[in-house]
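Using this note's numbering, read the sequence shown as starting at 486 and increasing by one per residue. Glycine included, each C-beta is placed from N, C-alpha and C at the ideal position. To start, the structure itself, in structure tokens.
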Amino acid sequence: MLPFSLVAQNRFYAAGQVGYRDASGKLLVEARYEAGSEFINGFAIVVRNGLKGYINSQGQEIIAPKYRDAFPFSNGTAIVQFGDLYGFIDIVGQWKVTPKYTQAFPFSEGLSRVKK
486 MLPFSLVAQN
496 RFYAAGQVGY
506 RDASGKLLVE
516 ARYEAGSEFI
526 NGFAIVVRNG
536 LKGYINSQGQ
546 EIIAPKYRDA
556 FPFSNGTAIV
566 QFGDLYGFID
576 IVGQWKVTPK
586 YTQAFPFSEG
596 LSRVKK
């Protein structure tokens, strides 16, 4: 896995789309996303057709864009919005907690504040 700072600096834009290169400049991901975050904890959030998903630092789309909103992984879990509700997924996209909350907040000390 590449260090966070090296991968984050190699995001590029072409024809209004976002792609990624590794630290040596080798293409990891073609510019095919509407937007893309920096890598945090080994994953970047990407947007296609207005929906969010995740790629890993090797450029593999590990979770296809299907969420209205998505947040960075923390300890192997991420908050995602599916429809109007928030739930929690693991790093392969399996539900840890199915969407049932109207609000969910980032983890702190292993806990997340939620609202039904």
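Original post:
Does the distance from the C-beta atom of I574 to that of T587 stay below 9 Å?
Top reply: No.
Subject >> S597 (DSSP reduced to helix, strand or coil) >> reply: Here S597 sits in coil by DSSP.
**OP:** Pick helix, strand or coil for G572, following the three-state DSSP scheme.
**Re:** G572: strand per DSSP, three-state reduction.
Original post:
Around the Cβ of L513, are there at least 16 other Cβ atoms within 10 angstroms (buried) or fewer (exposed)?
Top reply: That one is buried.
Original post:
Mapping DSSP to helix, strand and coil, what is E519?
Top reply: Of the three classes helix, strand and coil, the one that applies to E519 here is coil, per DSSP.
Original post:
For G510, which residues of its own chain have a beta-carbon under 6 Å away from its beta-carbon, when the five flanking residues on both sides are left out?
Top reply: Correct list: empty, nothing qualifies.
**OP:** Kindly indicate which three-state DSSP category S509 falls into: helix, strand or coil?
**Re:** Residue state, collapsed to three classes: coil.
Subject >> A493 (DSSP reduced to helix, strand or coil) >> reply: Only weak support is given to the placement of A493: the predicted model assigns it a pLDDT of 49, under 50, and the question is left unresolved by the model.
Original post:
Rounded to a whole number of angstroms, what is the C-alpha to C-alpha distance between E519 and D507?
Top reply: Roughly 19 Å separates the two Cα atoms.
Subject >> Burial state of K581, where buried means 16 or more other Cβ atoms lie within 10 Å >> reply: It is exposed - the Cβ of K581 has fewer than 16 other Cβ atoms within 10 Å.
**OP:** Just mark P591 as buried or exposed, buried being the case when its beta carbon has 16 or more other beta carbons within 10 Å.
**Re:** By the Cβ neighbour-count rule, P591 is exposed, with fewer than 16 other Cβ atoms within 10 Å of its own.
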